[in-house]
Amino acid sequence: MAAQPTLVLVLDLVGTLVFALDGALVALRVARLDIVGAVTLGMVTAIGGGVIRDLLIGAVPPATFSDWRYLTVATAGGLIAFLLGHHLERLSAPITVLDAAGLSLFAVTGASKALDFGLGVGQAVILGAITAVGGGTLRDVLVRRVPAVLHSGLYAIPAIIGSALTVAAIRLDVFGPVAAVAAATICFLIRMVGVRYGINAPGPPRRAQ
Amino acid sequence: MAAQPTLVLVLDLVGTLVFALDGALVALRVARLDIVGAVTLGMVTAIGGGVIRDLLIGAVPPATFSDWRYLTVATAGGLIAFLLGHHLERLSAPITVLDAAGLSLFAVTGASKALDFGLGVGQAVILGAITAVGGGTLRDVLVRRVPAVLHSGLYAIPAIIGSALTVAAIRLDVFGPVAAVAAATICFLIRMVGVRYGINAPGPPRRAQ
Amino acid sequence: MAAQPTLVLVLDLVGTLVFALDGALVALRVARLDIVGAVTLGMVTAIGGGVIRDLLIGAVPPATFSDWRYLTVATAGGLIAFLLGHHLERLSAPITVLDAAGLSLFAVTGASKALDFGLGVGQAVILGAITAVGGGTLRDVLVRRVPAVLHSGLYAIPAIIGSALTVAAIRLDVFGPVAAVAAATICFLIRMVGVRYGINAPGPPRRAQ
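Put into structure tokens, the structure is as follows:
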């Protein structure tokens, strides 16, 4: 049993906050959106992954609509990022870090929620990864970027690893704050190493066409 | 109780019609699509918001699939717009008006349906706004435009206001044709004033990067 | 009754395979993605249509998550296409053929599954067509192309025909391997004739604007 509802809720809300900050900063940097656009993009980024997860496991209405804390945190994150964004000289570094943090936290909470809803081990790993990459993918589609999950080799892979570690910890009955933070940290570090050293998965063996 | 099923159905079908006209005209103007493409984009615009709403509240199959009037009206609207579109000198004015009308009508019907399904007051306001902006957002993504909900400050805000007025009217037990049309009209006027005078929400305090 | 679960499963898995090959080849040709991106795009193309179908009829979690064969076949298809793609001089011909094959197979299986879930005749035809075009539409949005369903007149139409033939065969109680392959073949041939001779649906009568 996962049976750590408070732990998962806290991680989920922190993930919501960092993704909202991330989405709103992307709105400022890529599309120079106004306050409504920035907050909207922050909210889509923050709650998109969880909504996709909840639709796929049949948990409707999604937690976002039945629990006000998500919408409040997402809105607050978007507003904060909009107001503080102009103080930052460069936005790409905080965007990368926040995105990696949200990816890591949602991989853990998505996998945990999938097991709670009775999905099998493999399905839970996939669903955790989808939760992790979902919000950022919606964000990128809306501002017309090719989503990171497609062009960045070490984006889906750390999400799958973080999700798999979470599923393993729950099955081995050692899931708790330490295991959750460890799984998220490993995902985060792999992602950041990939960004720092520009590591990608292998490209096509020879350029096609 | 909302308890105005006929009223809501009529508003929903009118909203479906104007969004189908709007989507097909966008297809002609932006992408110069053929008849199948124009009708398809009209249908996606017309039924997209309602499908998203129904998926989120668990009303599956969505009304579109259980009630043929929606698909018939959406198809007819797309065909009409395709056939009449070439008589219009300029398409941007009718597109703007039709889009604002659909936004207003779906904000009312989306909020009403959410309350019928037992969602709370705040959740119903959000869901009404999502219903209102959903079809147009799918339309814009498919023809590769940044969605209006992101770059146009007075797009999400009138939808939220129309949705909130509807929820208030239902809770105060004064919901009926007058209240519904009033809520939709207020949403419509705010949107059109925003378009006419180029009003946007505040932009970033200083350009970031 | 459809009552041909094995037949439908086989067609569904073949459709999953060809769409996975197709999506991964598109990843190489259009976006030159690395192995993770190519496999991811192959999987989205392969399972996207079925996931949309299952969400719309309320079959959650979608078959993809409850039946591992889908994910295994989709992953294998993406890997094969990635590894073999560079041996192909030109990728556009195989992409077109694979995409038409997936379109045809999913039109048949989507319509059949919709009837199994109790939807009416007309709704089943629409849902079959949505299943057929869904994965390719998600693929095109992710790599920022205008989806084929919008700009290619003979894309939605063969899907609707294949889906309608399937519904007719099931209602007339003559559905079986022969009828299923015939329906898929007719859809496939119409699509390929349209591609070969550049046939499109009628364009706008006079260029608007």
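Chains as they are written, first to last, in the working numbering: chain B, -7 to 201; chain D, -7 to 201; chain P, -7 to 201.
Even glycine gets a Cβ: it sits at the ideal position worked out from N, Cα and C.
Among the CB atoms of chain D, none fall inside 7 Å of the CB of His78 of chain P. Here the alpha carbons of Ala30 of chain B and Leu134 of chain B stand approximately 12 Å from one another. Contact note: Ile149 of chain P reaches chain D through Val28, using a C-beta cutoff of 7 Å and chain order. Counting C-beta pairs with one atom in each stretch, the stretch 49 to 66 of chain B and the stretch 142 to 153 of chain B have fewer than three that are closer than 8 Å, which means they do not touch. If you draw a straight line from the Cα of Ala85 of chain P to the Cα of Leu71 of chain P, it comes to about 19 Å.
For the pair Ser96 of chain P and Ala171 of chain P, the CB atoms are not nearer than the 7 Å cut-off. DSSP places Asp46 of chain D inside the alpha helix (DSSP H), whose first and last residues are 27 to 49. The beta carbon of Leu48 of chain D sits closer than 8 Å to those of Leu119, Ile122, all from its chain and outside the five residues before and after it, given in chain order.
For the pair Ala38 of chain P and Ala68 of chain P, the CB atoms are not nearer than the 7 Å cut-off. Closest in alpha carbon position to Ala140 of chain B, among B:Ser155, B:Asp91, B:Cys179, is B:Asp91. For the set P:Leu80, P:Phe98, P:Val28, the Cα lying nearest the Cα of Val10 of chain P is the one of P:Phe98. Per DSSP, reduced to three states, the secondary structure at Leu111 of chain P is coil, with no helix or strand assignment. In summary, Ile44 of chain D is buried, with 16 or more beta-carbon neighbours lying within 10 Å of its beta-carbon over all protein chains present. Within 8 Å of the CB of Arg136 of chain P, the CB atoms of chain B belong to Arg136, Val138, in sequence order along the chain. Of all residues in the stretch 80 to 106 of chain B, only Leu80, Arg82, Leu83 place a beta-carbon less than 7 Å from a beta-carbon of chain D.
Scanning its chain for C-beta atoms nearer than 6 Å, with the 5 sequence neighbours on each side dropped, one finds around Ile27 of chain D the residues Phe74, in chain order.
Straight across, the Cα-Cα distance linking Gly94 of chain B with Arg183 of chain P is about 43 Å. Taking C-beta atoms under 8 Å as the contact rule, Thr101 of chain P and Leu3 of chain P qualify, at a distance of about 5 Å. Chain P has a Cβ within less than 7 Å of the Cβ of Val141 of chain B. Using a Cβ distance threshold of 7 Å, Gly50 of chain P and Val52 of chain D count as a contacting pair. If you look at Phe57 of chain B, you'll find it in the alpha helix (DSSP H) that goes 55 to 58.
At a C-beta separation below 9 Å, Val185 of chain B has no neighbours in chain P, since its nearest C-beta there lies roughly 15 Å away.
The alpha-carbon separation between Gly112 of chain P and Arg82 of chain B amounts to approximately 56 Å. Exposure of Pro169 of chain D is indicated by the presence of fewer than 16 other C-beta atoms within 10 angstroms of its C-beta. Put simply, the CB of Thr67 of chain D is far from chain P, with every gap to its CB atoms at 7 Å or more. Pairing Ala116 of chain B with Ala106 of chain B gives a Cβ-Cβ distance under 7 Å. Nearest neighbour of Leu5 of chain P by Cα position, chosen from P:Arg131, P:Thr56, P:Ser155, P:Ala174, turns out to be P:Thr56. In the DSSP assignment, Asp14 of chain B falls within the unbroken alpha helix (DSSP H) covering -3 to 18. The beta carbon of Phe180 of chain B does not come within 7 Å of any beta carbon belonging to chain D, so the residue lies off that interface.
Interface annotation, Phe57 of chain D: in contact with chain P, CB-CB separation under 7 Å. Contacts between Val52 of chain D and chain P, judged by CB atoms closer than 8 Å, involve Leu47, Leu48, Ile49, Gly50 in chain order.
For the options P:Ala174, P:Cys179, P:Ser144, the alpha carbon positioned closest to that of Gly190 of chain P is the one of P:Ser144.
Our two residues, Thr158 of chain D and Val185 of chain B, have alpha carbons roughly 50 Å apart in a direct line. Taking CB atoms only, Leu33 of chain B has a neighbour in chain D less than 7 Å away.
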